[in-house]
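Notes follow the structure.
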Amino acid sequence: MKDVVDRRSFLKIAGTSIGIGALFHVAPLLGASANGRRIAAMLGKKNGEAPTPFSFVQLSDTHVGFSGPPNPLGTQAFEKAVDLINGLRERPDLVLFTGDLTHDSENPGEHADRMRLFQKIAGHLKVPLIKSVPGEHDAGLDGGKLFRDAFGETHYSFDHRGVHFIALDNVSLARPNVGPEQIAWLKKDLSRFPTTAPIVVFTHRPLFDLRPDWEWFTGDGDEVMNALAPYENVTVLYGHIHREHTHTEGHATHHAARSLIFAFPDPEAGAPKKPIPFDPQKPFENLGLRVVEEPGRRAAGNSSPRIEEVELTLREYAGTVGIQQLLKEGVSL
Amino acid sequence: MKYARFLALVLLPALVVTARAGDRDEEPRTITVTAKRFEFVPSTITLKKGETVKLLVTSEDVTHGLFLRPLKIDTDLTPGKTQELTVTPQSPGTFTAICHHFCGAQHGNMKLTVIVE
Numbered sequence: 001m002k003d004v005v006d007r008r009s010f011l012k013i014a015g016t017s018i019g020i021g022a023l024f025h026v027a028p029l030l031g032a033s034a035n036g037r038r039i040a041a042m043l044g045k046k047n048g049e050a051p052t053p054f055s056f057v058q059l060s061d062t063h064v065g066f067s068g069p070p071n072p073l074g075t076q077a078f079e080k081a082v083d084l085i086n087g088l089r090e091r092p093d094l095v096l097f098t099g100d101l102t103h104d105s106e107n108p109g110e111h112a113d114r115m116r117l118f119q120k121i122a123g124h125l126k127v128p129l130i131k132s133v134p135g136e137h138d139a140g141l142d143g144g145k146l147f148r149d150a151f152g153e154t155h156y157s158f159d160h161r162g163v164h165f166i167a168l169d170n171v172s173l174a175r176p177n178v179g180p181e182q183i184a185w186l187k188k189d190l191s192r193f194p195t196t197a198p199i200v201v202f203t204h205r206p207l208f209d210l211r212p213d214w215e216w217f218t219g220d221g222d223e224v225m226n227a228l229a230p231y232e233n234v235t236v237l238y239g240h241i242h243r244e245h246t247h248t249e250g251h252a253t254h255h256a257a258r259s260l261i262f263a264f265p266d267p268e269a270g271a272p273k274k275p276i277p278f279d280p281q282k283p284f285e286n287l288g289l290r291v292v293e294e295p296g297r298r299a300a301g302n303s304s305p306r307i308e309e310v311e312l313t314l315r316e317y318a319g320t321v322g323i324q325q326l327l328k329e330g331v332s333l
Numbered sequence: 334m335k336y337a338r339f340l341a342l343v344l345l346p347a348l349v350v351t352a353r354a355g356d357r358d359e360e361p362r363t364i365t366v367t368a369k370r371f372e373f374v375p376s377t378i379t380l381k382k383g384e385t386v387k388l389l390v391t392s393e394d395v396t397h398g399l400f401l402r403p404l405k406i407d408t409d410l411t412p413g414k415t416q417e418l419t420v421t422p423q424s425p426g427t428f429t430a431i432c433h434h435f436c437g438a439q440h441g442n443m444k445l446t447v448i449v450e
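Line by line, the protein sequences give chains X and F.
Just so we're aligned, residue 1 is where the first sequence starts under my numbering, counting upward by one.
Just so we're aligned, residue 334 is where the second sequence starts under my numbering, counting upward by one.
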């Protein structure tokens with residue numbers, strides 16, 4: 001007998017507004033019911049590993065080493081973000097950094113120092129796993145050499161609790177491109193997965209044409225998304241634009257995280273591409289360092305970030321599509 | 334026969350002259366642009382809708398890029414090598430061409446305004 005699967009009982013990555021990037025809960029309800037457990041088991045059979053509930057955080061554009069009027073506070077926002085994550089009641093499994101970890105320097109020694117300072121601050125994160133991709137300020141001047149020396153490869157993939165994570169580098173060629181070699185690698189990497197596999201891509205620049213005249217695009221982003229098009233559960237996380245943004249196209253939903261150094265305005269509002277000026281009265285405004293308290297906890301003086309579910313990702317939608325395909329294939333739950 | 338001679342002696346040279354004059358009319362206007370960190374000089378150029386223009390763009394220092402999708406411009410600018418780009422804008426408006434080859438901290442500010450009248 002085939003069960004009717006409720007959308008919310010399937011597989012969900014829900015974004016949570018904690019103001020320091022984005023906190024994602026993966027499959028929080030899968031273990032909560034017999035139906036969810038059966039779905040997880042079936043996905044495990046199809047995809048090789050059953051998804052189990054976990055959460056992760058995306059941070060972006062820390063620009064360690066930046067100094068200027070848009071933010072005279074240097075790394076303070078980054079350090080606050082680390083403290084906030086360490087204070088979460090539910091400890092994330094993973095923190096993803098989506099590029100521009102450092103601000104570039106003409107002096108390679110100084111740039112290497114900035115990477116070491118980034119690692120020192122990120123090293124305070126009490127999470128089991130930290131992964132990152134470069135931004136153009138990390139890798140644009142030297143093709144990614146310093147980044148590779150400090151952090152390892154600029155593109156790679158790994159599996160975590162039934163989710164396949166893919167790190168894509170769209171900055172090291174100096175132009176906003178992924179490049180044919182990496183796209184060939186991506187296709188090969190994807191080929192071992194069924195189309196139902198949950199996939200999270202993280203990269204620096206948007207993989208779609210958000211604002212090409214602000215350099216908010218990837219020249220061969222269409223080729224990347226075409227390679228991902230058959231897959232029904234695709235989330236793309238990126239940075240670069242220093243503001244939140246969500247875009248859905250096909251089976252994929254793209255999410256940009258805020259920056260931890262300064263914010264850009266909304267280009268649709270007609271503003272020029274200049275950082276939003278620093279306000280000493282609200283030094284972390286627009287950076288996302290808005291510590292939002294859960295209403296019920298505020299009175300108790302608890303400053304834990306509010307857990308507010310927002311429709312940030314595709315899981316509920318695409319997961320449902322995924323399960324429909326499995327049903328069509330005659331797989332009984 | 335007389336008609337053929339008339340054609341050869343009078344009309345043909347006239348046609349050649351007309352064609353040469355036409356060639357001169359169609360020689361595209363040339364605009365020279367220099368790229369250097371972190372600006373294009375001049376910072377604004379003005380084109381006319383339907384007019385074919387030759388852009389001669391040269392980098393003075395490091396590799397830059399020039400990207401303007403509405404005019405199908407997408408090129409790298411290698412130092413010392415002049416890029417010749419022929420464009421015929423079809424729509425009026427003000428467009429922003431950017432450097433899309435990362436060239437340093439102020440790379441994001443490197444823009445060329447293209448006005449099409």
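Yeah, the Cβ is synthetic: ideal placement off N, Cα and C, and Gly gets one too.
Treat the numbers as computed from the prediction; the structure is a model and nothing was measured.
Counting only the Cα atoms, residue 126 of chain X lies some 43 Å from residue 400 of chain F.
In this structure, the beta-carbon distance from residue 422 of chain F to residue 449 of chain F falls below 7 Å. By the neighbour-count criterion, in which 16 or more other beta carbons inside 10 Å mark a residue as buried, residue 75 of chain X falls on the buried side. According to DSSP, residue 175 of chain X shares a beta bridge with no other residue. DSSP, read as helix, strand or coil, puts residue 41 of chain X in helix. Short of 6 Å from the beta carbon of residue 370 of chain F, and not among the five residues preceding or following it, lie these beta carbons of its own chain, in chain order: 394, 436 and 437. Against chain F, the CB of residue 212 of chain X has a partner CB under 7 Å away; the residue lies at that interface.
Per DSSP, residue 183 of chain X is one residue of the alpha helix (DSSP H) stretching across 180-190.
Within the segment 245-276 of chain X, those residues whose Cβ lies closer than 8 Å to any Cβ of chain F are, in chain order, 273. With a threshold of 7 Å between beta carbons, residue 402 of chain F makes contact with chain X.
Judged by DSSP secondary structure, residue 166 of chain X falls within the beta strand (DSSP E) whose first and last residues are 163-167. Take the alpha-carbon of residue 148 of chain X and the one of residue 380 of chain F: they are about 44 Å apart. For residue 112 of chain X, no CB of chain F lies under 7 Å from its own CB, so it is not counted at the interface with that chain. With contact defined as three or more Cβ pairs closer than 8 Å, the segment 225-234 of chain X and the segment 195-202 of chain X are in contact. Per the C-alpha coordinates, the member of X/53, X/258, X/105 and X/193 positioned closest to residue 137 of chain X is X/105.
For a Cβ distance threshold of 7 Å, residue set 213 of chain X lies close to residue 429 of chain F, ordered along the chain.
Against chain F, a Cβ distance below 9 Å from residue 103 of chain X picks out 438. Among the residues facing chain F, residue 140 of chain X is included, as its CB has a counterpart in that chain under 7 Å away. DSSP places residue 423 of chain F in the coil class of the three-state scheme, outside both helix and strand.
Scanning chain F for C-beta atoms nearer than 7 Å to the C-beta of residue 91 of chain X yields nothing, as the closest lies near 36 Å away. Separation of residue 274 of chain X and residue 265 of chain X (C-alpha to C-alpha, rounded to the nearest whole angstrom) is 7 Å. Taking the C-beta atoms as reference points, residue 287 of chain X is found nearer than 7 Å to residue 260 of chain X.
A direct Cα-to-Cα measurement between residue 433 of chain F and residue 402 of chain F gives close to 12 Å. Using a Cβ-Cβ cut-off of 8 Å, residue 176 of chain X is close to 433 of chain F, given in chain order. Rounded to whole angstroms, residue 258 of chain X and residue 96 of chain X show a C-alpha spacing of 13 Å. Taking the Cα of residue 154 of chain X as reference, the smallest distance to any Cα among X/239, X/160, X/162 and X/167 is reached at X/167. Interface flag for residue 223 of chain X against chain F is unset, since no Cβ pair is found closer than 7 Å.
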